[in-house]
Each structure stands twice: as C-alpha cells, then as structure tokens.
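Chemist: Those protein sequence lines, which keep their order, are chains A and B. Just so it is clear: in the first sequence, position 188 is 219 by our numbering, and no numbers are missing. Just so it is clear: in the second sequence, position 172 is 174 by our numbering, and no numbers are missing.
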Amino acid sequence: MLEIKSLTLDIGSERILRDINLKVAAGEVLALCGESGAGKTSLGLTVMGLMAGQVQGEVIFQGRNLLPLAEEEWRRLRGREMAMVLQNTDDALNPVLSVGAQLLEAVLAHGLFDRAAAVLRVEELLAQVGLPEHKCNSYPHQLSGGERARVLLAMALANDPALLILDEPTAAVDTITKAELLSLIKAISPGRAVLLITHDLAAAAVAARIAVMYGGTLVEVGTTPAVLSDPRHPYTRGLLRSFPNMTTVKDLQGIGGEGGRAPGCPFHPRCTQRLALCGHKIPALQLREDRWLACHRGGIVPLLQMRNLGKAFDGQWAVAGVDLTLQEGESLAVVGETGSGKTTLARMIMNLLPPDCGQVERDASLADGAVQMVFQHPRASVSHRFSALEIVREPLDIKGILADRDEIARAMIAEVHLPVDAAFLARYPHQLSGGELQRLVLARALVLEPKVLVADEPTSALDASTQAKILRLIMALQEKRGLALLLITHDLALARKVCDRAAVMLQGRIVEEGPAQSVFTQPSHPYTKAMVQHAPQLTGVLPSPLPGAAGTASGGCPFWPRCPESLVVCREVNPPLVADGQLRIACHLVSGQGSLAG
Amino acid sequence: MHINYWQELTHHREGQIGLVLLGILAGIALLAPILAPWDPLYERDMAFLAPSLRHLLGTNDVGQDIFSRLLYGARSSLCLAVLAGAGATALSLLIGGTAGLIGGLYDRVVLRCIDALLCIPMLLVLILVAGYLTPSFFSLVLILTCLMWPGGARVVRAETLSLRSELHITAARSFGARWPYLLRRHILPDLAPILLANFVAVARRAVFMEAGLAFLGIGDPMVVSWGMMIRQALRFTYLDAWVWWLLPPGLALACTVAAFAYLGNILTGVLHPRHEGGHTHA
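#1: Throw me the rounded Cβ distance for the cysteine 64/A and threonine 229/A pair, which I believe falls under 8 Å.
#2: Hey, methionine 115/A and alanine 187/A are a contact pair by Cβ (cut 8 Å); roughly how many whole angstroms apart?
#3: Provide the residue span of the beta strand (DSSP E) that contains cysteine 388/A, from first to last.
#4: Can you give me the Cβ contacts of aspartate 487/A inside the same chain, cut-off strictly under 8 Å, excluding the 5 residues immediately before and after it?
#5: Name, in chain order, the residues that DSSP records as bridge partners for cysteine 257/B.
#6: Where do the ends of the beta strand (DSSP E) carrying alanine 114/A lie?
#7: For cysteine 302/A, tell me which candidate among Leu270/A, Val366/A, Leu151/A, Pro409/A has the shortest Cα-Cα distance.
#8: For proline 648/A and valine 535/A, I'd like the C-alpha separation in whole angstroms.
#9: Where DSSP assigns a beta bridge to glycine 545/A, which residues make up the other side?
#10: Under 7 Å Cβ-Cβ, which residues of chain B neighbour arginine 416/A?
#11: Is it a yes or a no for the segment 200-217 of chain B touching the segment 145-152 of chain B, going by three-plus beta-carbon pairs under 8 Å?
#12: With respect to the alpha helix (DSSP H) encompassing serine 555/A, which residues constitute its N-terminal and C-terminal limits?
#13: By the three-class DSSP mapping on this structure, what secondary structure does asparagine 267/B have?
#14: Who does threonine 39/A pair with in a DSSP beta bridge?
#15: Relative to the alpha-carbon of methionine 79/A, which residue among Lys528/A, Leu97/A, Gln304/A, Asp428/A has its alpha-carbon at the smallest distance?
#16: So who's on the other strand from threonine 229/A, going by DSSP bridges?
#17: For serine 167/B, would you say it is in contact with chain A, using Cβ-to-Cβ distances shorter than 8 Å as the test?
#18: At the level of alpha carbons, what is the spacing between alanine 158/A and glutamate 164/A?
#19: In angstroms, rounded to a whole number, what distance separates the CA positions of valine 413/A and valine 423/A?
#20: Do we get a CB-CB distance below 8 Å when we pair glycine 178/B with the residues of chain A?
#21: Give a yes or no on contact between the segment 92-106 of chain B and the segment 49-61 of chain B, applying the rule of three or more CB pairs nearer than 8 Å.
#22: So, under 8 Å CB-CB, glycine 75/B and tryptophan 228/B are touching, yes? Tell me the CB distance rounded to an integer number of Å.
#23: Helix or strand or just coil, what does DSSP make of proline 333/A?
#24: If contact means a Cβ-Cβ distance below 9 Å, which residues of the segment 148-173 of chain B contact chain A?
#25: So, leucine 479/A versus leucine 516/A, is the Cβ gap smaller than 8 Å?
#26: Checking the sheet assignment: what are the DSSP bridge partners for arginine 348/A?
#27: Counting beta carbon pairs with one atom in the segment 190-199 of chain B and one in the segment 151-169 of chain B, are three or more of them shorter than 8 Å?
#28: Would you check if the segment 247-262 of chain B and the segment 14-26 of chain B touch, i.e. whether three or more CB-CB distances between them fall below 8 Å?
#29: Which chain A residues are close to arginine 175/B, counting only those with a beta carbon under 8 Å from its beta carbon?
#30: Assuming the contact rule is C-beta atoms closer than 8 Å, serine 418/A and arginine 458/A should be a hit. Round their C-beta distance to whole Å, please.
#31: Closer than 8 Å by C-beta to asparagine 276/A: which residues in its own chain qualify, once you throw out the five before and the five after it? Chain order, please.
#32: Just list the residues that DSSP pairs tryptophan 323/A with in beta bridges.
#33: If the criterion is Cβ atoms closer than 8 Å, does the pair glutamine 93/A and aspartate 41/A meet it?
#34: What residues in the segment 5-37 of chain B bring their beta carbon closer than 8 Å to a beta carbon of chain A?
#35: Residues of chain A with CB under 8 Å from histidine 188/B, in chain order?
#36: For glutamate 10/B, count neighbouring Cβ atoms within 10 angstroms of its own Cβ and tell me buried if that reaches 16, exposed if not.
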C-alpha cells in the first residue's frame, strides 16, 4: 500500500529525515514511536506532501511515486485516498461551524457524494466513530477532548481513504477515552494502511508493527510484541524504561543525555555501548533475525554469556549447567534461597573460582577490569587496615594507575554521595556506618569504570531506607554509565523494583527465567510462585507453609517435596529448562501443559 | 576488628611490666661495655672476693668480676633470643605461609614434617647435637632456629589458610591483584601480630633453652652467659659466694623470661580474645 524508500528531508541546511525505508500494508497499523523532535510528524507530513523542504527518495503509494506529483494532483489525493489527523485537536476544528457542517464540508470536498448522500454519509461517519447523532449540531467548544478527537477521525474517514495517518490521536485524553479511541482505530483499520504516530508506547502496543525513530532516522522496526517485550536497540529499551505502565515492574529510568541530532549514529552521544565508529558512520537499517535494526553493534550486546556453567564441591553440584546471558546495560536478578548456588555463580563470573564445566564468555569489547563485583558483606570485604580513601583507591593501585589516583578515587566517592573531606577519607572501616561502608565498597567496584557490576546481596546488611538509597544510586549510575547489573539476591520485592529480567535459581539450576514482570507477577514455576507468595507483604497475612522440607529430594525435580502441585514424574525426572517465548521454565507442570496444548 | 597493638600492650599491667623489664635488659645489653667496670673475661684479680666497691658482686673462682659478667650475660641472652626468635619466625613464615598459600600435596608434606618435628624431644636433640659439635654461639642460634620453627609454622599455615579465603582478599583478587600485591598489602599485615607473638614466644624459650644447655655444660665457653655462670657457681655452693654468684644470674634469667612471657601473654590474649577475656578492643 505505502512504501517509503530512502526518504530524506532537508529544511535549509538541516537534515530532518534521513534515509527512511518503511512499508505499511493494507489493513495494517504501524506505530511510529520516538521522543519529541525525532521527526515522526515530519515523516507523516512528507508522506502527505505537506512538508516544505527538499525531499529526496520515493514515497510509493498504490504503485506510484508521489514525490514528483504537482500540487494539484496532491490535492486530489489528500482527503480522498490519504488522510491525516493532525496532532492538536483544539486547533483543527473551526470554532464557528457546527460539527455536522464541518463534516459535510469534508465529505463534499472531493465531489464523490451529492448533498443528500453526503448527509447520510455524515450520519454514518458519526456512528462509525461512536458519536451520537445529535452531536452533529454541537460546536467544537461544546465537545470534550475525546469527542473532538472522534470528530477529527470522522473527518479523516469522510472519503474512506486507503491511507490514514494519525498524529498523536490519544494525546491528552484520559485512559478510558484513550482505550475507546484505540479500539476505534483498530476497528477502522481493515482495508486501509494506518500510520499511528505516537510517543505513547501503550497506544503503539495496539499496532501490528512498531517503528522507532530517533534523530530523523529509523532505529528499530519489528512486530509489536517483539519490540515491546524484547527491545534490541538501546534507544528502544530506554524508551520502554522511561514509560510508566502497568506491565513492567521496574522503577522508571530515563535515558541519559539530551535528544538531538549528531553526526554518525544520531543516538551515539546517549548510547552506553557506543564505539568510536558510531561517532562518524551512520548505521544502516538491517534485518537482524526478527526485526530491522540500525546499530553498528547489532543491537544491545550480550556482555556475558554463561554456557552450561557448573561447579561441584565434594561431588555435589553447587551450580549445575547454567545458561544465562547478561545484556549491555540491563539489570538481571538472580534470585533463590540460601544455598541455591547464587554466590558460586557470581564467583565463577568473576574468575575467582574455576568452573568444573562450561564457561563464561565475555564480549570482546570488555576490557580488563570491565567486570567488577560488590561482595555480600561490606565490612568483611575491606581490609581493616585501609582508610576510606585507600579502600576506593585499591583497584587503581592494583592496576598500576598511579597518576591522579587520589583525584579519581575522590571523584568516585563523591559520585556515591559520600563526603570527600580529609577527615572522612582518613577514617577506617570500624569508624564507618554500614551504609557508608556499602557506598564505599560500591565506589571501589566502580572506580575502574566497569561495564558489568555483579552485586551479591549488596544491601542485605542495611536497613530499608539505606537500602533504598543505595539501590537508587545503583540505578542512577546504571542510567549514566550503562552499567549492566547482575543482582544476586533472595529478596524478590527488591529485585522486582530494580531488574529488567530475573532468573530463579534452585539447587544450582535455573528453573525460571524471563522478563521481571512475567517472573514476578505471573510466575509459572511452583518454586517461583512460592517465593512470590513469601515475598514481603504489608498485609500481615502469612502464606500457608509448603508441604515438605528443603533438600529432601533424592532424585527428580529438587522442589518436588515442597511442591504443592507435584506429579509422579516430578520424583523421577528433573525437568529440563524449556524456552517459551521470552520465558524459560523447568517444570513438568508447565512443559506438560505445553505438550497437551501443542 | 581494628586493634591497636601498642595500645593493648601499654594499657595492661602485664604489658607495662614486660615492656619495662625488657627495656631495662635491652639497655643493659647495649650499654654493657660502658656500664661494666671490668672486662668480663679478665682473670687476674683474686678469686672468691666478697662484694666490695671494687667488685660489686665479688669475683668468681678464676678472679673474674661477677657484676661485669652479669651485664655481659644480658647481651648474649638477648642476642640469642632475638636471633633465634627472628630466625625461627622467618622460617615459620616461609614454610607455613607457602604451605597455606600453595596447598595441595606440598601442604600435606609440610604438615607431616611439622608433626614429625614436633614429636622429637627438643632437649634430647640439642644435647646430642651440641655434645658432638661443641657449638659456638652462632651454631647454637642455628640449632635453636631449626628446632623451634615447626610450632610457629603450624600457626602461620592455619592463619594463612583462613586469610586466603577472607573476603577482602577475594575482593582484591577480583580487581586483578596478583600474589606479590596480596602478600604485601593484605596477607603479611594480617599475619604480623601472629608473627610478633610467635617471635616473643620463641625468644622466651630460646633464653630458657640456652640457660638449660649452658647449665648442662653445652655452650661456647668463650661467651659469657647466665646459664654458664649458674653452672660455674653451683660447684661452689658450699661457699657464701653463691649469694652474689648464683642468685643474680638466676634472677636476671627469671626477669628476662618473665618479660617475654608477659608480652606474649598480652599478644596471645589480643589475638584470641576469648581465651583471656577482658581485653578492650579500641
């Protein structure tokens, strides 16, 4: 239906759109997302031929390139074959004419209907957009924002256009009206191509596909479920992290830096995984697996890949065949009860313990010292002979970075919000509070500017308010530096607020892994369910105890003695970890249901 | 746990006594040539003189000034204590430390050797060895060193082993620290108090041991030592001379051993607070 090829738009010397390639099929809703100033509206207006500027490339609509057309021909197309609902609903309607009169004007504009048919068409349109017939006589100021949006939609639909461009149709309406408008948009989409321009990801979620724009270029295009549940471009992930919604459970995080256009990849000044290349070469939009991406690094990079990682102590597997990936800039929680192998896993990642099987692959971009760890007990993890400054300086001393080492350490101490006066820097660990020491240990782990931080129960020794401050600090540093966080904790409530993804460990194996919201709000594995039930609640209601005792299984699934739903097969066979979309689950109940359904 | 060892020593009565005694002894040892009125080996005066202003503690059977010999005795006793203590502690550190760090077969072999050495009755070996070799002062130091390292090595090994898995060392390793750095900044500083306690204990035993050997007639006759003086004096207990000949070196010996024992007690108490109790940790 609509195909945009290598579209470039310049206004004066400024390049507004750069090399846009996009297709919208008939009957498809494509959402165009991005921050303000990304060029979404400019693209819509260019397709409508309403943008003043130097346009290059092709806009192929119904088989012909529109760009060479004369204004006269454009005008015949607009409102008839293609229509656009502009962003500001207040300005688009004429305040001195009734709604009916304005609709009638739109219907008559192309001379497709005679007057009697046009009146019928107006009634039909009002019904189509869900407005009662008497609203016909209302003036725009008498209508609510939602009703005005419907009127505009009705006007756009007047001549049944094949292409409909909607620019922020749901901006500034309440959620219930928004939902009604979105279902209306879905209802009118059959048979026509709909380009839905929005910064509202919840609105975009109704589209079949999503195209993400940044700085006048497309950075990621893919099917909606794929893009929203597994964003591959760092910008898309940043948008999702900053978007308040009821699906994800992590605290809001913004995108560091300010939007704008830059040479090379437009996003590179704000990108936490940029290379030198990104600063001067524009990445092309390329098909990668299930979507199109414009990124020199092929999307978000997997920094650490654990493959079949295992460690045995005295013949007992503490960690048994763990496959896990940590992506650049994400937080991954590894949750599990005491003794589930979490700390052993962390030590293998840190090369502090040699694995007995498998390996941890580090991305080639990770320099020496790019993976650092915060240990479980801050007080034990520092030498009591070191002063505060010496503690933070230690990694620099070890790496032989002696020039400016005190200044670097001091800057880092300031970054974790600790005082940097001489009196504080000269203090010894026994003169510091738990919270101060935890910050100091965090500063020590970050002083080499790592890309990956492995945090083993970083706050388990702290009171809740100190813990909250430390976690906010970690999240702020993550946003600023693009730190990938592997958070090891037994505290689900905490992991839920901090992490993008979660992996649940049970006796050295991962039994459930996936996006944090799935794991924490719709747990699939009975062990995860039990942990979620036992997570801190303010209701005072204690969950019913689990049937058996831990560690009594001699074979099969390690959880079966405590599992309220265990089957006979659970006592015999340890279920393998089976992938199901974004989730991976090791449970006979789930895989059994899967095979029944399949 | 942050402990100021100096403060621990000076804040306890035992520590104060130990330090004062040791200070006096060290002063005497250092200043012996100035303090002593006579050459300790000078033999031309009358034998068995009673104490007088000329000879504060009289003279012995060959006419040597006993007071001068007493002062010079402090020299040899402390010298021996320090050398044997340092030697045995260094050997303990080297062998015990490497066993703890390297582990594996080496550790097991070392541990068995230590056990074997600890089983040997030390005095017997000393008597045999010294009897055959008629030792000089330095060979005595060497023999004592070789016999007294195993106990310390055992302690150092155990401590190193537990230090190795300490979180602050693991943390330093996670920043890429290698063994030289870990030894210098983490392991040796943490071993220091144990080494100090070991040094004091070995020194105390060395002083005692030397006296015992000298008493048995094993030792360098050219070196003035308290043990030798006691041995010589014992042959003349039927004379009144024992009061100023036998008692003073005996008391000096007791003071030295007591000084080391007091210091050792405090240090052990600080290192193992539960054994003693009552020590304050600053």
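Glycine residues also receive a C-beta, built at the ideal position from the N, C-alpha and C atoms. Bear in mind that the values here come from a model prediction, so they are computed numbers and not experimental data.
Modeler: In this structure, then:
#1: 6 Å
#2: With a beta-carbon spacing of about 7 Å, methionine 115/A and alanine 187/A fall inside the 8 Å limit used to define contacts.
#3: 388-393
#4: Lys373, Thr374, Ala377, Met404, Val405, Phe406, Gln407, Ile519
#5: None; cysteine 257/B has no bridge partner.
#6: 113-116
#7: Leu270/A
#8: No information on residue 648/A is available, as it lies outside the stretch 32 to 629 that chain A covers here.
#9: Ala533/A
#10: Pro191
#11: yes
#12: Here serine 555/A belongs to no alpha helix (DSSP H), and DSSP marks it neither H nor E.
#13: Asparagine 267/B falls in the helix class under three-state DSSP.
#14: Gln87/A
#15: Of the listed residues, the one whose Cα sits closest to methionine 79/A is Leu97/A.
#16: According to DSSP, which records beta bridges pairwise, threonine 229/A is partnered with nothing at all.
#17: no
#18: 7 Å
#19: 10 Å
#20: yes
#21: no
#22: 4 Å
#23: strand
#24: Glu168, Leu169, His170, Ile171, Thr172, Ala173
#25: No, these two residues do not count as a Cβ contact at 8 Å.
#26: Reading off the sequence, residue 348/A comes out as tryptophan, not arginine. Ala343/A, per the DSSP bridge assignment.
#27: Three or more Cβ pairs closer than 8 Å define a contact, and the segment 151-169 of chain B meets that threshold against the segment 190-199 of chain B.
#28: yes
#29: For arginine 175/B, the C-beta contacts it makes with chain A under 8 Å involve Leu383, in order along the chain.
#30: 6 Å
#31: Same-chain partners within the cutoff: Leu232, Ala233.
#32: Val252/A, Leu318/A
#33: no
#34: none
#35: Correct list: Ser414.
#36: Counting of Cβ neighbours within 10 angstroms places glutamate 10/B among the buried residues, the total reaching 16 or more.
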